[in-house]
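Asker: Mind looking over this structure? Questions follow.
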Amino acid sequence: MSKTQNFCYNTHFRFTVRRMVKTQFMYWLVITLVFLNTVCVSIEHYGQPKWMDDFLYKAEWAFLGIFMFEMLFKMFGLGVDVYFQSSFNIFDFVVITGSLIEVIWGELKGGSFGISVLRALRLLRIFKVTKYWTSLRNLVVSLMNSMRSIISLLFLLFLFIVIFALLGMQLFGGEFNFTDGRPYTHFDTFSIALITVFQILTGEDWNEVMYLAIESQGGIYGGGMVYSVYFIILVLFGNYTLLNVFLAIAVDNLANAQELTAAEEADGQAQNEVSAYSSMESQVNERNQIKVVLLVALISSMSFFLDSEDTDDLENAFGYPRKIVPYSSMFIFSTSNPLRVLVHKLVCTKYFEMAVMIVICLSSISLAAEDPVDDTNPRNKYLNYLDYLFTTVFTVEMVLKIIDMGVVVHPGSYCRDLWNLMDATTVICALVGFAFAGSPKAGKNLSTVKSLRVLRVLRPLKTIKRIPKLKAVFDCVVHSLKNVFNILIVFILFQFIFAVIAVQLFKGKFFYCSDRTKRFVSECKGYYYVYRKQYQQPEVAEREWNVYPLNYDSTINAMLTLFTVTTGEGWPGIRQVSMDTTEENEGPIPFNRVEVSLFYVVYFIVFPFFFVNIFVALIIITFQEQGEAELAEGDLDKNQKQCIDFVLNAKPVSRYMPEDKDSMKYHIWKMVISTPFEYFIMVMICLNTIILMMSYYQEPPMYRAVIRYLNSTLTAVFTVEAIFKIIAFGVRNYFKDGWNVFDFITVIGSITDALVTEFGGNFVSLGFLRLFRAARLIKLLRQGYTIRILLWTFVQSFKALPYVCLLIGMLFFIYAVVGMQVFGNIELNSDTEINRHNNFQTFFNSVILLFRCATGESWQEITMGCTARRYCDPKTLKTEPECGTNIAYVYFTSFMLNLFVAVIMDNFDYLTRDSSILGPHHLDEFVRVWAEYDPAATGRIHYSDMYEMLRNIPPPVGFGRKCPYRLAYKHLIRMNMPVADDGTVQFQTTLFALIRESLSIKMRSVEEMDEADEELRRTLKKLWPIHSKKNIVNLVVPPNSELCEGKLTVGKIYAGLLILENERAKKTGRTAEKDDQDFYQKKATHTNEGREICHEGKTTVVEHFFA
1 MSKTQNFCYN THFRFTVRRM VKTQFMYWLV ITLVFLNTVC VSIEHYGQPK
51 WMDDFLYKAE WAFLGIFMFE MLFKMFGLGV DVYFQSSFNI FDFVVITGSL
101 IEVIWGELKG GSFGISVLRA LRLLRIFKVT KYWTSLRNLV VSLMNSMRSI
151 ISLLFLLFLF IVIFALLGMQ LFGGEFNFTD GRPYTHFDTF SIALITVFQI
201 LTGEDWNEVM YLAIESQGGI YGGGMVYSVY FIILVLFGNY TLLNVFLAIA
251 VDNLANAQEL TAAEEADGQA QNEVSAYSSM ESQVNERNQI KVVLLVALIS
301 SMSFFLDSED TDDLENAFGY PRKIVPYSSM FIFSTSNPLR VLVHKLVCTK
351 YFEMAVMIVI CLSSISLAAE DPVDDTNPRN KYLNYLDYLF TTVFTVEMVL
401 KIIDMGVVVH PGSYCRDLWN LMDATTVICA LVGFAFAGSP KAGKNLSTVK
451 SLRVLRVLRP LKTIKRIPKL KAVFDCVVHS LKNVFNILIV FILFQFIFAV
501 IAVQLFKGKF FYCSDRTKRF VSECKGYYYV YRKQYQQPEV AEREWNVYPL
551 NYDSTINAML TLFTVTTGEG WPGIRQVSMD TTEENEGPIP FNRVEVSLFY
601 VVYFIVFPFF FVNIFVALII ITFQEQGEAE LAEGDLDKNQ KQCIDFVLNA
651 KPVSRYMPED KDSMKYHIWK MVISTPFEYF IMVMICLNTI ILMMSYYQEP
701 PMYRAVIRYL NSTLTAVFTV EAIFKIIAFG VRNYFKDGWN VFDFITVIGS
751 ITDALVTEFG GNFVSLGFLR LFRAARLIKL LRQGYTIRIL LWTFVQSFKA
801 LPYVCLLIGM LFFIYAVVGM QVFGNIELNS DTEINRHNNF QTFFNSVILL
851 FRCATGESWQ EITMGCTARR YCDPKTLKTE PECGTNIAYV YFTSFMLNLF
901 VAVIMDNFDY LTRDSSILGP HHLDEFVRVW AEYDPAATGR IHYSDMYEML
951 RNIPPPVGFG RKCPYRLAYK HLIRMNMPVA DDGTVQFQTT LFALIRESLS
1001 IKMRSVEEMD EADEELRRTL KKLWPIHSKK NIVNLVVPPN SELCEGKLTV
1051 GKIYAGLLIL ENERAKKTGR TAEKDDQDFY QKKATHTNEG REICHEGKTT
1101 VVEHFFA
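The sequence shown: position 416 = 416 (UniProt numbering), numbered continuously.
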């Protein structure tokens, strides 16, 4: 064969191979092989039989050979250069090379690192054939684009840890030597110091390390407290600041990924429409044109039907149609059937819904009141009778709605609503449970009856669809779960990979002997002495060979252990056990494998620092998107809507001022509202706080006397302040202010405390009331503009929390009742976390226990206390001895809440946005300053005072002192509020015009402003229907009749003033800058000229310009 023929043959063969590797068959074959390989590595566990060892060993070699052949096959078909252009191919090459090195290492040295499990990441290619591929790929692309910032942050984090580790070695190196031995967290070596600092950064048991440091440096009274500054700085700057940057990166990446996905979906939809119409045009020549027209009409009608149905769902708060369903119900009741019409009217009345809500609440109370331990308790008997009544009511409700709506056949029927399906499920299960309980074999069916009765906890969820705002929060949570699905798959896959690696590293190595002096199973026999602190004489105990509850003996156990590490709770203990591991079936040796700490560091960076933050970020973004979606039709963004909402609900506040300016009362009033007096009181508050901080245990008598006299003096100062304010404002006006009420209470408490201290001896102490004076520091916060924004954010967060809290409360209720039914019979044991303080034997205890779990405090220990092999409480009538169940793993791991973070982050958006953009948090300043010009809260001030007020308020609310008056005039011309005959402008009209001009809410050219005003009125009436009925919309957006010819407006006045100033500038030859410098010198002239224009409002030349 010639060289030419050989070359042609090779080229043809390479093209054949290239086509083969790109076929769907090859794609799914590789995916299947990867899946089988993943299954093989996941089934490895401790104590597996010999045949499984042989099988997995041969399978590893077989899969390695197959994937090596695939890699070489691809390289031959695609060429080496083209092969390495794909990031997936590069990943395959790295994993296969690593697996080869691992296999060779295992043959020579023994052991495995689990590198081959990284092939499981190839399963992500399955996303290519799903709708999630685009969003997942865009997230990965966004993360890759920000990899530089992530690496920079990791380097900064590493540098931070190194610096504090070295500093800790200098401060505490060789000092952590105690009678109980050296703890696992110390600063004696650089490696352990790094691990200790990293643990403090995660926030787990950092206070225990601080206590050890204080004790090592002399204790609380020996100067050790000074060293707590090290840990405070480390936590503040490391845990609270540096680690939260991961959340910021996650939010930014998700926002970029979702924008990219939305853009691609829009482009794809446009292309699909073009291709669809092109396809239709090509088919018109071959098929009947009428079919195409019908197809298009059908698609359009379907989309319209779905949209209208969604709209109906939004408008409908109760989950069933307000109009009777236009179909025959159960093929029996027509739309005109008298019985069906009567039932429809009944179920649509608000009294019916109110009665059902009351029954739901009573049913929930009865569930919480049950005794899960003693089934013979008379209370359970009466509650069972009530349950019959409640079930009857819910059954009647279900039957009535089925008569009204039909069963399932037609649209709008009962079973086509998921909420109704849930109602039907609870009712049917309750009826079946009653049937089982009443049967002769009720004793044998006890577990079945209890399982069915547990479903009664779903009854409180019936309230969700009956409260629209609660349903909106619930829908947002569901939408968040939909969005998080693709990331959840990646999360589980990565955790699975880490779990398999952990099995390879720690399988069968978490065993220990109860006698820690024995290391091997053969030695762990017989008895030994146990020395307990509370007993002087030692106890004799039998040696036991145990395994730690959280271990890596199988992939399932490993995933549970790593999930515990993800929550950050108790992970230092798991790391310490890992560091002490030796070989399989051998006991621990302290600090035997310090290097395995690196596994936990990497895991922490990947999961708690990054993946968990991505989950939180996705929920935050979903909340923000859901909040903005409802405003899309009104052409308003979230900030504009909230500013308008503030205006529609705002009212001027009154500011008291004595009428007689020559009276003593007026002079006292002027003094107490003055800035120097306010600063003097603030200094006294700070001094009072410092004095409160100066007391300590076993202080000298002289020192105590000085402190007491200083307290009495400051109490006298605050008392005089209160008396002066009562004289200045009067009793009624004084107590109208909440801050004054607070001051008065603290003064009375302080006086009482001083009298009791001086004359009452030790009879009673009200010293805690002095703490209210420390709370006066909050008044200092009112003086700071940025701090006021922070306080406003907290208030907004609390306003948003009620419905979220209600949803979380329902979750707590359901879990608490389920916990009572499932774990309420477990014996109380002081050696476990299920004891007299923590248990599920009453509803209150269950809620407290779940709240503790929600905070993350030792939740894994509580889980272990509820698992199998836990004995039953002696009060129960169960025949079996054990009441624990492995359902506890699912029960507790599913109990995770992140909604508080989402709501608060949604409001803290104001802290991170551009401060130059006007927001609702700025508008309180306008209300406060308006009160200075309108102390009686009439809602009107003169337009010249309004101009002066806006000059005094800094941007973005007002113009500010540095704003050129020409620019201020132009703003007022655009605002153009109506001016009354007395020259005044209205409060809400002015505030709305201010935010409309600042945020450009439907602001257009002069010729189009009438049309823009009309559009804005329609938008306001649609989004705020209640306010539109009160005619507030016409107040904030005045009708054209108040702005037309013959009506005086602010715009006309300041346009005239601007024209006059321009004429003067032309005559005198002055520049605009010179005018701005001289503005305040001639402010009175401007005001007088403006008043003249206002006085001549109906005949002035200004109106000639704007007629």
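Note that the Cβ used here is the ideal one computed from N, Cα and C, for glycine as well.
With DSSP collapsed to three states, give me the class of S554.
Answerer: For the purposes of this step, residue 554 is identified with residue 554 of the sequence shown, where counting begins at 1. Here S554 sits in coil by DSSP.
Asker: Are the beta-carbon atoms of M684 and P935 separated by less than 8 Å?
Answerer: As a first step, residue 684 must be located in the sequence shown, where it is residue number 684. As a first step, residue 935 must be located in the sequence shown, where it is residue number 935. No, they are not a contact pair.
Asker: Report yes if the C-beta distance between V747 and A728 is below 8 Å; otherwise report no.
Answerer: As a working note, residue 747 is residue 747 in the sequence shown. As a working note, residue 728 is residue 728 in the sequence shown. It is not a contact, given that the beta carbons lie outside the stated cut-off.
Asker: Can you tell me whether Q841 is buried or exposed, with buried defined as 16 or more other CB within 10 angstroms of its CB?
Answerer: Here residue 841 refers to the residue found at position 841 when the sequence shown is read from its first residue. Answer is buried; the Cβ neighbour count reaches 16.
Asker: Let's see if you can read the secondary structure: which residues bound the beta strand (DSSP E) around W545?
Answerer: On the sequence shown, position 545 is the one that residue 545 refers to. Looking at the DSSP string, the run of the beta strand (DSSP E) that includes W545 is 545-547.
Asker: Taking its Cβ as the centre, do 16 or more other Cβ atoms sit within 10 Å of T16, making it buried, or is it exposed?
Answerer: Here residue 16 refers to the residue found at position 16 when the sequence shown is read from its first residue. Exposed is the call here.
Asker: From this set, V373, I233, V804, which residue's C-alpha is nearest L470's C-alpha?
Answerer: Looking up residue 470 in the sequence shown gives position 470. Checking every option, the nearest Cα to that of L470 belongs to V804.
Asker: To the nearest whole angstrom, what separates the beta carbons of L159 and V245, a pair I think is in contact under 8 Å?
Answerer: Your numbering for residue 159 matches position 159 in the sequence shown. Your numbering for residue 245 matches position 245 in the sequence shown. Incorrect: roughly 14 Å between the Cβ atoms, too far for contact.
Asker: Can you tell me which of R575, Q576, I574, R593 puts its alpha carbon nearest to the alpha carbon of E583?
Answerer: Here residue 583 refers to the residue found at position 583 of the sequence shown. Cα-wise, what sits closest to E583 is R593.
Asker: Do P652 and W930 count as a contact pair if the criterion is CB distance below 8 Å?
Answerer: On the sequence shown, position 930 is the one that residue 930 refers to. On the sequence shown, position 652 is the one that residue 652 refers to. Yes, they are a contact pair.
Asker: In whole angstroms, what separates the C-alpha of A437 from that of A430?
Answerer: Locating residue 437 in the sequence shown gives position 437, counting from the first residue. Locating residue 430 in the sequence shown gives position 430, counting from the first residue. Whole-angstrom Cα-Cα distance: 10 Å.
Asker: Nearest-angstrom Cα distance between V41 and F520?
Answerer: Walking along the sequence shown from the start, residue 41 turns up at place 41. Walking along the sequence shown from the start, residue 520 turns up at place 520. About 28 Å.
Asker: Taking only runs that begin and end inside the stretch 674-726, name each unbroken beta strand (DSSP E) of 3 or more residues, in chain order.
Answerer: Runs found: none.
Asker: For the beta strand (DSSP E) holding residue 1149, just list the boundary residues, first then last.
Answerer: The chain is shown only over 1 to 1107; residue 1149 falls outside these bounds and no answer can be derived.
Asker: Please check the pair E208 and W571, which I expect to be a contact at CB under 8 Å, by giving their CB distance rounded to whole angstroms.
Answerer: Reading the sequence shown from its first residue, position 208 is the one you call residue 208. Reading the sequence shown from its first residue, position 571 is the one you call residue 571. About 14 Å; that fails the 8 Å criterion.
Asker: To the nearest angstrom, how far is the alpha carbon of R148 from that of F84?
Answerer: Walking along the sequence shown from the start, residue 148 turns up at place 148. Walking along the sequence shown from the start, residue 84 turns up at place 84. About 22 Å.
Asker: How would you write the range of the alpha helix (DSSP H) that I487 sits in, first residue to last?
Answerer: Mapped onto the sequence shown, residue 487 falls at position 487. Per DSSP, I487 belongs to the alpha helix (DSSP H) from 485-506.
Asker: Would the stretch 986-997 and the stretch 939-954 be scored as touching if the rule is three or more Cβ pairs under 8 Å?
Answerer: Result yes; three or more Cβ-Cβ pairs closer than 8 Å.
Asker: Spatial neighbours of I1001 within its chain, please: CB distance less than 6 Å, with the 5 preceding and 5 following residues excluded, ordered by chain position.
Answerer: For this step, residue 1001 is matched to residue 1001 along the sequence shown. Cβ within range, chain order: Q640.
Asker: Compare the C-alpha of V1037 against each of Y679, E678, A754, I644 and name the closest.
Answerer: In the sequence shown, counting from the first residue as 1, residue 1037 sits at position 1037. Comparing Cα positions, the closest option is I644.
Asker: What residue range does the beta strand (DSSP E) around E659 cover?
Answerer: Along the sequence shown, read from residue 1 onward, the residue named residue 659 stands at position 659. From DSSP, E659 is part of no beta strand (DSSP E); its letter is neither H nor E.
Asker: Beta carbon of F474, beta carbon of L807: below 8 Å?
Answerer: Position 474 of the sequence shown, counted from the first residue, corresponds to residue 474. Position 807 of the sequence shown, counted from the first residue, corresponds to residue 807. Yes.
Asker: Straight-line CA distance for T855 to P538?
Answerer: For the purposes of this step, residue 855 is identified with residue 855 of the sequence shown, where counting begins at 1. For the purposes of this step, residue 538 is identified with residue 538 of the sequence shown, where counting begins at 1. Computed Cα separation, rounded: 38 Å.
Asker: Output yes or no for whether 8 Å exceeds the beta carbon distance between D873 and I826.
Answerer: What you label residue 873 is simply residue 873 of the sequence shown in a count that begins at 1. What you label residue 826 is simply residue 826 of the sequence shown in a count that begins at 1. Result yes, Cβ atoms of D873 and I826 sit closer than 8 Å.
Asker: In this structure, does DSSP put P881 in helix, strand or coil?
Answerer: On the sequence shown, residue 881 is found 881 positions in, with the first residue counted as 1. The answer is coil: DSSP assigns P881 none of H, G, I, E or B.
Asker: Is E397 buried or exposed, if buried means 16 or more other CB atoms sit within 10 Å of its CB?
Answerer: Residue mapping note: residue 397 aligns to position 397 of the sequence shown, counting from 1. So E397 ends up on the buried side.
Asker: Which residues does DSSP list as the beta-bridge partners of C872?
Answerer: As a first step, residue 872 must be located in the sequence shown, where it is residue number 872. Looking at the DSSP assignment, C872 forms a beta bridge with I826.
Asker: Within a Cβ cutoff of 8 Å, which residues of the same chain sit near V162, ignoring the five residues on either side of it in sequence?
Answerer: Mapped onto the sequence shown, residue 162 falls at position 162. Closer than 8 Å at the Cβ level, and outside the excluded window around V162, lie L194.
Asker: Within a Cβ cutoff of 7 Å, which residues of the same chain sit near I726, ignoring the five residues on either side of it in sequence?
Answerer: If you number the sequence shown from 1, residue 726 lands on position 726. These residues qualify, in order along the chain: Y734.
Asker: Report the CB separation of L636 from T1019 in whole angstroms; it is logged as a contact under 8 Å.
Answerer: Locating residue 636 in the sequence shown gives position 636, counting from the first residue. Locating residue 1019 in the sequence shown gives position 1019, counting from the first residue. Confirmed, Cβ separation roughly 7 Å.
Asker: Would you check if there are 3 or more beta carbon pairs closer than 8 Å linking the stretch 212-231 to the stretch 166-177?
Answerer: Verdict: yes, contact present.
Asker: Apart from the five residues on each side of it in sequence, which residues of its chain come closer than 6 Å, Cβ to Cβ, to Y603?
Answerer: Indexing the sequence shown from 1 puts residue 603 at position 603. F498, listed in sequence order.
Asker: Under DSSP, the alpha helix (DSSP H) around Y933 begins and ends at which residues?
Answerer: In the sequence shown, counting from the first residue as 1, residue 933 sits at position 933. Taken as a continuous stretch (DSSP letters only), the alpha helix (DSSP H) holding Y933 covers 923-933.
Asker: Where do the ends of the alpha helix (DSSP H) carrying R940 lie?
Answerer: Your numbering for residue 940 matches position 940 in the sequence shown. That residue, R940, is in no alpha helix (DSSP H); its beta strand (DSSP E) goes 940-942.
Asker: With T863 as the anchor, note down where its alpha helix (DSSP H) starts and where it stops.
Answerer: For the purposes of this step, residue 863 is identified with residue 863 of the sequence shown, where counting begins at 1. 859-866 is the extent of the alpha helix (DSSP H) around T863.
Asker: Would you mind sorting E1007 into buried or exposed? The rule is 16 or more other CB atoms within 10 Å of its CB.
Answerer: Sequence index remark: in the sequence shown, residue 1007 carries index 1007 (1-based). It counts as exposed.
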